[in-house]
Amino acid sequence: MQLEFGNVRLDAIVEGEGPAIVLIHGFPLAKETWDAQAAALAKRARVVRFDLRGLGKSSVPPGPYLMETLASDCSDVLDALGIESATIVGHSLGGYVAFAFHRLFSERCAGLGLVCTRAIDDDAPTAAARYELADRAEREGIEPVVASYLARYFAPAFYEKHPEIVSKAETVLRATDPHGAASMLRGMAARVPSDDLFSEIAVPVRVIAGTQDALAPLALSESIAAGIPGAVLDRLDCGHFPLYEEAEALSASLFALADDVSARSRS
54 MQLEFGNVRL DAIVEGEGPA IVLIHGFPLA KETWDAQAAA LAKRARVVRF DLRGLGKSSV
114 PPGPYLMETL ASDCSDVLDA LGIESATIVG HSLGGYVAFA FHRLFSERCA GLGLVCTRAI
174 DDDAPTAAAR YELADRAERE GIEPVVASYL ARYFAPAFYE KHPEIVSKAE TVLRATDPHG
234 AASMLRGMAA RVPSDDLFSE IAVPVRVIAG TQDALAPLAL SESIAAGIPG AVLDRLDCGH
294 FPLYEEAEAL SASLFALADD VSARSRS
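Sequential numbering of the sequence shown, starting at 54, is according to this note's numbering.
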């Protein structure tokens, strides 16, 4: 379905019935990367997915796309669907958005799933690299972004063992609008750290980490789990893309999060 809010049009999928779970994709990806997890979760939950502005099938308004803007988009989607609160699950970039959502709309956040993401902001070299890549995307198209990200998505052995899945991810990347990618890169570079939120988070939290993650190293997930009271850390034997590499294990972690949220709501 297409949802319009001011100058942005977001493409969304809603499946299943029950407590709401929002699955927010990574960069430069799209909602379809959650297909396996959405199919599993929809058996017991109302699963909401949407393409972030500038990515997937959503429109490409002017940027940069700040994390707070993306979190507000998520709130608008919930409003449009008549959903008061939801468990917010974010992969990579989606994790940045999940943190921003809790900062702005904590009363609507029933739980948090943080998949291969970071709570820290970019250091100066990392931010500079994002800005440079954004400029290149606008000049040269999406190819520099594909080259930068695809080689770091999966655990090293996965590329040779599962070329068809790597190709599947590459297809999603290549469909990305380069101007949307550039605006998102600039927004990620400008984001604020989220570790100041840790002591305030009082909902069930599941942190899912890839032990071979080259983009969000395991130590960063460990620090998130250690910093948020009551957070549970699940270590999966994969790189940055458990949605494809360890699809069933990731679904199991999200089922466990849903159970924790349900138990909290009954207490």
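We treat Cβ as the ideally placed atom computed from N, Cα and C, and that holds for glycine.
Within its chain, find whatever has a CB closer than 8 angstroms to the CB of residue i; leave out the 5 residues flanking it on each side and keep chain order.
{"i": "Glu-137", "result": "Leu-131, Arg-161"}
{"i": "Asp-249", "result": "none"}
{"i": "Arg-239", "result": "Gly-116, Pro-117, Tyr-118, Arg-183, Tyr-184, Ala-187"}
{"i": "Leu-203", "result": "Val-219, Ala-222, Glu-223, Leu-226"}
Who does residue i pair with in a DSSP beta bridge?
{"i": "Asp-287", "result": "Ile-261"}
{"i": "Cys-1", "result": "With the chain represented from 54 up to 320, any question about residue 1 goes unanswered, as that position is not in the structure."}
{"i": "Leu-63", "result": "Leu-56"}
{"i": "Ala-73", "result": "Arg-99"}
{"i": "Glu-68", "result": "Val-100"}
Could you tell me the distance, in whole angstroms, from the CA atom of residue i to the CA atom of residue j?
{"i": "Ala-228", "j": "Arg-319", "result": "43 angstroms"}
{"i": "Gly-116", "j": "Leu-108", "result": "12 angstroms"}
{"i": "Ala-182", "j": "Ile-195", "result": "15 angstroms"}
{"i": "Ala-98", "j": "Ala-73", "result": "6 angstroms"}
{"i": "Tyr-206", "j": "Ala-153", "result": "23 angstroms"}
{"i": "Phe-294", "j": "His-144", "result": "8 angstroms"}
{"i": "Ala-210", "j": "Ala-302", "result": "18 angstroms"}
{"i": "Val-75", "j": "Ile-141", "result": "5 angstroms"}
{"i": "Glu-275", "j": "Thr-264", "result": "11 angstroms"}
{"i": "Asn-60", "j": "Pro-114", "result": "7 angstroms"}
{"i": "Leu-157", "j": "Glu-193", "result": "36 angstroms"}
{"i": "Arg-102", "j": "Cys-291", "result": "23 angstroms"}
{"i": "Ala-242", "j": "Ser-159", "result": "24 angstroms"}
{"i": "Cys-127", "j": "Arg-62", "result": "12 angstroms"}
{"i": "Glu-121", "j": "Asp-174", "result": "14 angstroms"}
{"i": "Asp-129", "j": "Leu-123", "result": "10 angstroms"}
{"i": "Ala-180", "j": "Ala-200", "result": "18 angstroms"}
How is the alpha helix (DSSP H) around residue i delimited, first residue to last?
{"i": "Asp-88", "result": "88-94"}
{"i": "Thr-42", "result": "Past the boundaries of the shown model lies residue 42; the chain is included only from 54 to 320, so the question cannot be answered."}
{"i": "Glu-57", "result": "Premise fails: Glu-57 lies in the beta strand (DSSP E), 55-58, not in any alpha helix (DSSP H)."}
{"i": "Pro-117", "result": "Premise fails: Pro-117 is in no alpha helix (DSSP H) and is neither H nor E."}
{"i": "Ile-218", "result": "216-227"}
{"i": "His-78", "result": "Looking at the DSSP string, His-78 is not in any alpha helix (DSSP H), and its letter there is neither H nor E."}
{"i": "Val-199", "result": "196-206"}
{"i": "Ala-83", "result": "Neither: Ala-83 is in no alpha helix (DSSP H) and is coded neither H nor E."}
{"i": "Asp-277", "result": "Here residue 277 is Ile; the residue named in the question, Asp, does not match the sequence. Note, Ile-277: alpha helix (DSSP H), 271-280."}
Please list, in chain order, all residues of the same chain as residue i whose beta carbon is under 7 angstroms from its beta carbon, the five residues on each side excluded.
{"i": "Glu-68", "result": "Ala-91, Ala-95, Val-100"}
{"i": "His-215", "result": "none"}
{"i": "Glu-298", "result": "Phe-207, Ala-208, Phe-211, Cys-291, Gly-292"}
{"i": "Glu-70", "result": "Arg-99"}
Whose C-beta lies closer than 6 angstroms to the C-beta of residue i among residues of the same chain, with five residues either side of it excluded?
{"i": "Arg-259", "result": "Gly-166, Val-285, Ser-306, Leu-310"}
{"i": "Ile-281", "result": "Phe-251, Ile-254, Val-258"}
{"i": "Gly-147", "result": "Ile-77, His-78, Gly-79"}
{"i": "Arg-171", "result": "Ala-269, Leu-273"}
{"i": "Thr-86", "result": "His-78, Leu-296"}
With residue i as the anchor, note down where its beta strand (DSSP E) starts and where it stops.
{"i": "Arg-102", "result": "99-103"}
{"i": "Leu-165", "result": "162-168"}
> Just checking, does the region 229-240 make contact with the region 188-202 on the three C-beta pairs under 8 angstroms criterion?
Replying inline: Result yes; three or more Cβ-Cβ pairs closer than 8 angstroms.
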